[in-house]
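> Each step along the sequence shown adds one to the number in UniProt numbering, with nothing skipped, and position 220 is 220.
Every residue, glycine too, gets a C-beta built ideally from N, C-alpha and C.
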Amino acid sequence: MDPAALDAADPLRCFRERFALPEGKMYLDGNSLGCLPRETPQKLANLVDREWGENLIGSWNDAGWVSAPERVGAKIARLVGAADGEVVACDSTSVNVFKALCAALSVNQGRSTILSERGNFPTDVYMMQGLETLTGGRVRSRLVDPEEVIGAIDEDTAAILLTQVHYRTGRIRDMATTTAAAHAKGALAIWDLSHSAGAIPVDLNAARADFAVGCGYKFLNGGPGAPGYIFVAERHQADAIPALSGWFGHARPFDFEDRYEPAPGITRFLAGTPPILGLAALEVGVDLMLEADMAEVRAKSIAMGSLFTALMEPLCAAHGFALASPSDPNQRGSQVSYSHPNAYPIVQALIARGVVGDFRAPDVLRFGLTPLYTSFAEIASAVDILRAVMDEGAWDRSEFHERSAVT
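Have a look at this one:
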């Protein structure tokens with residue numbers, strides 16, 4: 001596999017210039033924070049200087065601020081196989097997980113257990129546990145080993161909460177098969193799309209998913225702390241009770257009534273005033289993603305992962321790396337992960353030499369492969385630099401062992 005030839009034949013190569021990529025960095029961390037689209041600063045400057053600075057409160061109507069959550073949500077819906085009116089952009093992923101859990105319990109009354117897998121992304125698990133505490137144990141959270149999830153669904157399982165692409169390993173879980181298994185036992189399915197939307201083809205409605213959540217700052221390139229989103233299948237919206245009954249989820253928010261009445265449809269899952277700056281930045285990233293052909297995105301992701309793992313094979317043998325992702329490229333998302341007992345200082349040594357990946361406890365190096373702006377040449381160079389770091393023992397400098405707050 002010749003990286004230069006692969007880059008020359010890449011149908012997505014024109015997207016790279018649409019991002020502000022820093023000189024001297026090979027950025028392989030788009031699965032943690034996506035790069036800055038070049039259009040975003042101009043969009044935000046116009047919003048701040050003109051819409052806010054000049055038109056002030058009038059922009060809620062004139063500039064369409066008030067409808068931004070639904071507008072951006074409708075665009076995200078096109079990326080995740082949902083219909084108009086089934087996705088709204090709002091809040092953080094964690095908050096939306098809580099909303100989805102409560103909504104599922106309100107729809108599937110008479111059942112009290114939320115089921116997930118050990119090693120799922122912590123915020124999903126913490127929200128389950130927090131709900132258990134909040135309800136005094138009336139709602140139960142249950143964790144089982146990943147391969148035991150389907151068999152663990154029983155008559156008390158209200159919903160399963162799973163991640164489509166695992167944050168640490170990149171393993172893809174079969175959404176359609178798992179959802180069907182849940183439905184066969186009377187349970188609902190909630191999916192976390194944080195590492196899949198914008199990275200692999202997602203089709204919530206084809207899989208008959210009930211609820212889903214995701215974030216906007218990874219493959220959707222919405223910027224740090226970008227709003228997340230929540231999907232509620234249209235068939236559940238009338239019965240799903242919004243636990244966070246904020247004024248923007250009211251049927252008539254500007255009537256300022258004393259009693260809450262949920263809005264019809266997906267907007268009942270809004271809570272407080274929308275974060276307009278964050279939604280504006282997110283919309284730029286989503287629009288960029290919609291320009292790309294997801295089949296081409298997925299094909300490039302698989303090709304990049306295959307190149308990376310092939311180049312890494314000699315390092316695995318020589319320096320003790322072990323592939324932590326599935327070996328089958330069709331079974332992993334747009335990242336490749338390796339385990340190593342010295343993973344943290346190795347990642348820091350790579351960053352010092354311009355290769356930006358990240359570390360996940362206890363021993364995983366993650367490399368995000370973002371098809372819109374990652375090149376095959378960068379992957380080859382990154383592996384060359386990793387080889388040098390290991391051959392020279394450069395990772396064992398004292399400063400690389402000092403743990404930062406964010407890893």
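So, do the stretch 206-213 and the stretch 227-244 have three or more beta carbon pairs nearer to each other than 8 Å?
Because the criterion of three Cβ pairs below 8 Å is met, the stretch 206-213 and the stretch 227-244 touch.
> Please confirm if the stretch 256-266 is in contact with the stretch 114-128, defined as three or more CB-CB distances below 8 Å between the two stretches.
No contact exists between the stretch 256-266 and the stretch 114-128.
> I'd like to check one pair, phenylalanine 308 with valine 383: are the Cβ atoms closer than 8 Å?
The residue labelled residue 383 in the question sits at position 383 within the sequence shown. The residue labelled residue 308 in the question sits at position 308 within the sequence shown. Contact flag set, yes.
> Among the candidates Lys75, Thr40, Gly170, whose CA atom is the shortest distance from the CA of phenylalanine 367?
Counting from 1 along the sequence shown, the entry for residue 367 is found at position 367. If we check each option's Cα against that of phenylalanine 367, Gly170 comes out closest.
> Please classify alanine 184: does DSSP put it in a helix, a strand, or coil?
Numbered from 1 along the sequence shown, position 184 holds the residue referred to as residue 184. Three-state DSSP puts alanine 184 in a helix.
> Three or more beta-carbon pairs under 8 Å between the stretch 215-227 and the stretch 280-292, yes or no?
Segments in contact, yes.
> By how many angstroms is the C-alpha of glycine 130 removed from the C-alpha of alanine 180?
In the sequence shown, residue 180 corresponds to position 180, counting from 1. In the sequence shown, residue 130 corresponds to position 130, counting from 1. Between alanine 180 and glycine 130, the C-alpha separation is close to 27 Å.
> Can you say whether alanine 303 is buried or exposed, counting buried as having 16 or more other CB atoms within 10 angstroms of its CB?
Counted from its first residue, the sequence shown places residue 303 at position 303. So alanine 303 ends up on the buried side.
> Can you tell me whether lysine 99 is buried or exposed? The criterion is at least 16 other CB atoms within 10 Å of its CB, across all chains shown.
Start at 1 with the first residue of the sequence shown, and residue 99 comes out as number 99. Lysine 99 should be labelled buried.
> Just checking my contact of asparagine 205 with alanine 104 at CB under 8 Å: how many whole Å lie between their CB atoms?
In the sequence shown, counting from the first residue as 1, residue 205 sits at position 205. In the sequence shown, counting from the first residue as 1, residue 104 sits at position 104. Not confirmed; about 17 Å, so no contact.
> Per DSSP, proline 262 is paired with what?
Translated into the one-based positions of the sequence shown, residue 262 becomes position 262. Paired residue(s): His250.
> Have a look at tyrosine 344 and phenylalanine 359 and give me their C-alpha separation to the nearest angstrom.
Locating residue 344 in the sequence shown gives position 344, where the first residue counts as 1. Locating residue 359 in the sequence shown gives position 359, where the first residue counts as 1. Between tyrosine 344 and phenylalanine 359, the C-alpha separation is close to 6 Å.
> Assuming threonine 267 contacts glycine 249 (C-beta within less than 8 Å), just tell me the rounded distance between them.
Taking the first residue of the sequence shown as 1, we reach residue 267 at position 267. Taking the first residue of the sequence shown as 1, we reach residue 249 at position 249. Going by Cβ atoms, the distance from threonine 267 to glycine 249 rounds to 6 Å, so yes, they are a contact pair.
> In the structure shown, what three-state DSSP assignment does isoleucine 160 receive?
As a first step, residue 160 must be located in the sequence shown, where it is residue number 160. Correct three-state label for isoleucine 160: strand.
> Since I believe cysteine 90 is in contact with proline 227 (beta carbons under 8 Å), could you give me their beta-carbon distance rounded to a whole number of angstroms?
The residue you call residue 227 lines up with position 227 of the sequence shown. The residue you call residue 90 lines up with position 90 of the sequence shown. Sure, about 6 Å apart at Cβ, within 8 Å.
> For phenylalanine 19 versus cysteine 35, is the C-beta distance shorter than 8 Å?
Reading the sequence shown from its first residue, position 19 is the one you call residue 19. Reading the sequence shown from its first residue, position 35 is the one you call residue 35. Yes. Within cutoff.
> Is the CB-CB distance between alanine 189 and alanine 182 below 8 Å?
Mapped onto the sequence shown, residue 189 falls at position 189. Mapped onto the sequence shown, residue 182 falls at position 182. It is a contact, given that the beta carbons lie within the stated cut-off.
> How long is the line joining the alpha carbons of serine 334 and glutamate 70, rounded to whole angstroms?
Numbered from 1 along the sequence shown, position 334 holds the residue referred to as residue 334. Numbered from 1 along the sequence shown, position 70 holds the residue referred to as residue 70. The straight-line gap from Cα to Cα measures roughly 28 Å.
> Here's a check: name, in chain order, each residue in its chain whose Cβ is nearer than 7 Å to the Cβ of methionine 128, leaving out the five neighbours to either side.
The residue you call residue 128 lines up with position 128 of the sequence shown. Once the five neighbours on either side are set aside, the close Cβ partners of methionine 128 are Leu101, Ile114, Ser116, Ser141, Leu161.
> Can you name the residues that DSSP bridges to proline 37?
Numbered from 1 along the sequence shown, position 37 holds the residue referred to as residue 37. Looking at the DSSP assignment, proline 37 forms a beta bridge with Phe19.
> From proline 41 to leucine 288, what distance separates their C-alpha atoms?
Position 41 of the sequence shown, counted from the start, is the residue given in the question as residue 41. Position 288 of the sequence shown, counted from the start, is the residue given in the question as residue 288. Cα to Cα, the separation comes out at about 14 Å.
> Whole angstroms is fine: what's the gap from proline 329's alpha carbon to glycine 85's?
As a first step, residue 329 must be located in the sequence shown, where it is residue number 329. As a first step, residue 85 must be located in the sequence shown, where it is residue number 85. Using only the alpha carbons, I get a separation of about 34 Å.
> Pull up the CB-CB distance for phenylalanine 376 and leucine 6, whole angstroms please, since I reckon it's below 8 Å.
The residue labelled residue 376 in the question sits at position 376 within the sequence shown. The residue labelled residue 6 in the question sits at position 6 within the sequence shown. Contact holds; Cβ gap of about 4 Å.
> Closer than 6 Å by C-beta to glycine 30: which residues in its own chain qualify, once you throw out the five before and the five after it? Chain order, please.
Along the sequence shown, one-based indexing puts residue 30 at 30. These residues qualify, in order along the chain: Gly368, Thr370.
> If we call anything under 8 Å between Cβ atoms a contact, is threonine 163 one with aspartate 124?
As a first step, residue 163 must be located in the sequence shown, where it is residue number 163. As a first step, residue 124 must be located in the sequence shown, where it is residue number 124. Result yes, Cβ atoms of threonine 163 and aspartate 124 sit closer than 8 Å.
> What are the start and end residues of each continuous alpha helix (DSSP H) run of 4 or more residues lying completely inside the stretch 105-183, in chain order?
Counting only runs of 4 or more, we get 122-134, 149-152.
> Report the rounded CA-to-CA distance for proline 275 versus glycine 151, giving the unit in angstroms.
As a position in the sequence shown, residue 275 is number 275, starting the count at 1. As a position in the sequence shown, residue 151 is number 151, starting the count at 1. Rounded to the nearest angstrom, the two C-alpha atoms are 41 Å apart.
> Got a sec, what are the start and stop residues for the beta strand (DSSP E) phenylalanine 321 sits in?
Residue numbering aside, residue 321 sits at position 321 when the sequence shown is read from its first letter. That residue, phenylalanine 321, is in no beta strand (DSSP E); it is neither H nor E in DSSP.
> Between methionine 390 and leucine 315, is the Cβ-Cβ spacing less than 8 Å?
The count along the sequence shown starts at 1 and reaches residue 390 at position 390. The count along the sequence shown starts at 1 and reaches residue 315 at position 315. It is a contact, given that the beta carbons lie within the stated cut-off.
> Compute the beta-carbon to beta-carbon distance between glycine 357 and leucine 28, rounded to the nearest angstrom, for a pair I have assumed lies under 8 Å.
On the sequence shown, residue 357 is found 357 positions in, with the first residue counted as 1. On the sequence shown, residue 28 is found 28 positions in, with the first residue counted as 1. 5 Å between Cβ atoms; contact.
> Express the C-alpha separation of glutamine 348 and tyrosine 229 in angstroms, rounding to a whole number.
The sequence position of residue 229 within the sequence shown is 229, counting from 1. The sequence position of residue 348 within the sequence shown is 348, counting from 1. Using only the alpha carbons, I get a separation of about 32 Å.
> At what residues does the alpha helix (DSSP H) containing alanine 212 begin and finish?
Residue mapping note: residue 212 aligns to position 212 of the sequence shown, counting from 1. No alpha helix (DSSP H) holds alanine 212; the beta strand (DSSP E) holding it covers 211-214.
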